[in-house]
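S.K.: Provided herewith is a single structure, encoded as structure tokens, for subsequent inquiry.
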Amino acid sequence: MTNGHHVVVLGAGYTGMFSAIRLAHRTRRTGVKITLVNPTSRFVERLRMHQIATGQQLADHRIPDLLAGTGVTFVQGTATAIEPETRRITVDGTMSLDYDTLIYALGSSTDTGKVPGADVQAFTLNNPEIAGRFAARLTEIAAARGTVTVCGAGLTGIEAATEIAESHPALHVTLISPDEPGGLMGAKARAHLHRALDRLGVTLETGARVTKVLPEAVELADGRIIRSDACLWTTGVKVSSLATDARIATDDRGLILVDATLRSVSHPEIHAIGDAAAVRLAWGQLHGSCQSGLPTAQYTADTVARLVRGKAVKPFRFGYYHQPVSLGRRDAVIQFTRTDFTPRRQCLTGRGAVAYKEMVSGSPLLTYRFSKRMNLTTIVSKGGRATRRPAA
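The numbers in the sequence shown follow this note's numbering, run straight up by one, and end at 445.
Spelled out as structure tokens, the structure:
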């Protein structure tokens with residue numbers, strides 16, 4: 054069964070890259086062929102996009118270089134259609150790839166389509182090019198001591214707002230969100246986060262919802278207008294419609310519905326990982342993050358390797374263990390969590406947290422390098438008793 058078996062991986066983000074490299078190592082003597090498809094040849098470090106947004110120069114990692122020595126074939130292009138019945142993928146509307154097994158790792162991006170003007174007037178951190186344009190705009194308005202609004206106070210919004218305020222102290226940075234920043238943290242970690250926002254001069258508009266993004270302002274649900282020389286949109290998530298269009302079973306957000314082994318419930322030859330999969334465990338559903346994404350990639354690479362050898366597989370198990378947040382380059386907070394992402398009492402702040410967060414941000418690339426020749430694990434916690442029984 055293994056000889057000539059073709060595995061296609063769609064998407065070379067954190068999860069797609071890891072699954073391709075690990076699977077290549079696990080099947081190196083079986084004759085399995087692996088093809089990785091991605092629109093660009095640059096590997097994007099999504100965990101560092103807020104750094105690019107403030108003009109910091111990061112290493113330019115190329116996908117062919119990261120794959121060197123693995124035997125994985127890289128195809129630069131965009132998957133435009135999937136035909137599950139014939140197991141065929143169309144790339145850029147013309148090229149066809151046949152597969153025996155498909156690993157769907159197309160991830161997610163910020164959704165600017167639900168609030169008028171956000172798609173035209175706001176910047177996002179969806180890719181380095183947009184983040185680079187935002188960085189250039191920040192430099193322009195900093196000279197005039199202008200105003201920046203960051204919409205959304207999730208982890209991305211918090212990291213972006215603090216990074217901007219630290220890099221451009223002349224700017225007036227406003228963080229707008231219906232929810233309190235750090236609302237999922239414990240009291241100690243949340244207090245440290247708010248002290249950092251105060252120290253950096255970030256203005257909070259909590260309990261506020263943006264209803265329109267204008268050329269030089271944002272409009273709130275209560276009718277107020279807040280000046281905004283540049284708006285960064287970090288709230289709302291969308292995924293590719295490719296799976297839904299192919300009539301692969303998806304939820305109402307377009308995430309592929311998977312079973313306990315992360316295989317499509319409608320097409321078991323398709324494995325979905327990371328942000329593209331609706332993964333439900335006994336304690337609840339995974340939310341999109343590198344912390345949970347890499348374990349799904351590791352598990353799926355191991356699962357495919359076992360399946361092509363005709364071996365049985367065990368259900369996926371995972372539990373969260375931390376919530377790391379950078380607060381500029383010189384501060385951070387790490388909230389340690391229970392399996393279901395609720396906060397524990399322990400947290401880490403200050404220099405120790407900065408070093409910890411840098412280790413987290415840099416760990417995927419190290420994992421790829423070492424995974425070419427050994428089976429490293431990214432699963433820190435399997436969830437203990439909370440995942441020993443299947444999801445309802």
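Glycine is no exception: its CB is placed at the ideal position from the N, C-alpha and C atoms.
Label Arg426 either buried or exposed according to how many other C-beta atoms from any shown protein chain fall within 10 Å of its C-beta, with 16 as the threshold for buried.
M.R.: Exposed, since its Cβ has fewer than 16 Cβ neighbours within 10 Å.
S.K.: Helix, strand or coil: which one does DSSP assign to Tyr352?
M.R.: Looking at Tyr352 - three-state DSSP - the assignment turns out to be helix.
S.K.: Could you tell me the distance, in whole angstroms, from the CA atom of Asp164 to the CA atom of Arg306?
M.R.: Answer to the nearest angstrom: the Cα atoms are 12 Å apart.
S.K.: Do Phe371 and Pro396 have their C-beta atoms closer together than 9 Å?
M.R.: Cβ atoms of Phe371 and Pro396: not closer than 9 Å.
S.K.: Identify whether Val318 lies in helix, strand or coil by the three-state DSSP scheme.
M.R.: Residue state, collapsed to three classes: coil.
S.K.: Below 8 Å on the Cβ atoms is my contact criterion, and I expect Gly199 with Asp304 to pass it. Report the Cβ-Cβ distance as a whole number of Å.
M.R.: Going by Cβ atoms, the distance from Gly199 to Asp304 rounds to 41 Å, so no, they are not a contact pair.
S.K.: Can you name the start and end residues of the alpha helix (DSSP H) that Pro417 belongs to?
M.R.: Note, Pro417: alpha helix (DSSP H), Gly403 to Ser424.
S.K.: Relative to the C-alpha of Lys367, which candidate in Leu380, Val168 and Lys435 has its C-alpha closest?
M.R.: It is Lys435 whose Cα lies nearest to the Cα of Lys367.
S.K.: In chain order, what residues of the same chain lie with their CB nearer than 7 Å to the CB of Ala249, ignoring the 5 residues before and after it?
M.R.: Within the same chain, Ala249 has close Cβ partners Thr215, Leu380 and Asp384.
S.K.: Hey, Tyr157 and Ala350 are a contact pair by Cβ (cut 8 Å); roughly how many whole angstroms apart?
M.R.: About 11 Å separates the two Cβ atoms, so there is no contact after all.
S.K.: Could you check if Met70 is buried or exposed, using at least 16 other CB atoms within 10 Å of its CB as the buried criterion?
M.R.: Label assigned to Met70: buried.
S.K.: Under the three-state reduction of DSSP, which class applies to Tyr67: helix, strand or coil?
M.R.: Reduced to three states, the DSSP call for Tyr67 is helix.
S.K.: Going by the CB atoms, is the gap between Leu224 and Ile454 shorter than 9 Å?
M.R.: As shown, the chain starts at 54 and ends at 445. That puts residue 454 outside it, with no answer to give.
S.K.: Which residues in the same chain as Met54 place their Cβ atom closer than 8 Å to its Cβ, once the five residues preceding and following it in sequence are excluded?
M.R.: Summary for Met54: the model assigns pLDDT 47, below 50, so the residue's position carries little reliability, and this model does not support an answer.
S.K.: Consult DSSP for Ser346 and reduce its assignment to one of helix, strand or coil.
M.R.: The sequence shown places Gly at residue 346, rather than the Ser named in the question. Correct three-state label for Gly346: helix.
S.K.: Starting from the Cα of Cys343, find the closest Cα among Trp336, Glu219 and Leu418 and give me that residue.
M.R.: Among Trp336, Glu219 and Leu418, the Cα nearest to that of Cys343 belongs to Leu418.
S.K.: Skipping 5 residues on each side, what residues in its chain have a beta carbon closer than 6 Å to that of Val413?
M.R.: Contacts found: Pro377.
S.K.: Mind checking Phe423: buried by the 16 CB within 10 Å criterion, or exposed?
M.R.: Classification of Phe423: exposed, given that the 10 Å Cβ count is below 16.
S.K.: Short of 6 Å in beta carbon distance, which residues of its chain neighbour Asp298, apart from the five on each side in sequence? Order them along the chain.
M.R.: Around Asp298: no qualifying Cβ.
S.K.: Are the CB atoms of Ala446 and Pro443 nearer to each other than 9 Å?
M.R.: With the chain running from 54 to 445 in the structure shown, residue 446 is simply not present.
S.K.: Distance, Cα to Cα, Thr202 vs Lys86?
M.R.: Their backbone Cα atoms lie some 47 Å apart in a straight line.
S.K.: Rounded to whole angstroms, how far is the Cβ of Asp153 from the Cβ of Arg141, which I believe are closer than 8 Å?
M.R.: That belief does not hold up - the Cβ atoms of Asp153 and Arg141 are roughly 11 Å apart, past 8 Å.
S.K.: At what residues does the alpha helix (DSSP H) containing Ala214 begin and finish?
M.R.: Note, Ala214: alpha helix (DSSP H), Leu208 to Ser220.
S.K.: Compare the beta carbon distance of Tyr352 and Leu308 with 9 Å and say whether it is the shorter of the two.
M.R.: Not in contact: Tyr352 and Leu308 (Cβ atoms no closer than 9 Å).
S.K.: Using a Cβ-Cβ cut-off of 8 Å (strictly less than) and excluding sequence neighbours within five positions of Glu258, which residues of its own chain qualify?
M.R.: For Glu258, where only same-chain residues beyond five positions count, the Cβ hits under 8 Å are Thr227, Leu228, Ile229, Ser230, Leu273 and Ile279.
S.K.: Starting from the Cα of Ile301, find the closest Cα among His59, Glu322, Arg441 and Cys284 and give me that residue.
M.R.: Answer by Cα proximity: Glu322.
S.K.: Ends of the alpha helix (DSSP H) at Thr117?
M.R.: First, the residue type needs correcting, since residue 117 is Pro and not Thr in the sequence shown. Ile116 to Leu120 is the span of the alpha helix (DSSP H), which, as asked, contains Pro117.
S.K.: Tell me, please, which residues DSSP counts as bridged to Trp286.
M.R.: In DSSP, Trp286 forms a bridge with Cys204.
S.K.: Please list the segments of the beta strand (DSSP E) lying wholly inside the stretch 130-196, counting only runs of 3 or more residues, in order along the chain.
M.R.: Entirely contained in the stretch 130-196, the beta strand (DSSP E) runs reaching 3 residues are, in chain order, 132-136, 141-144, 148-151, 154-157 and 161-163.
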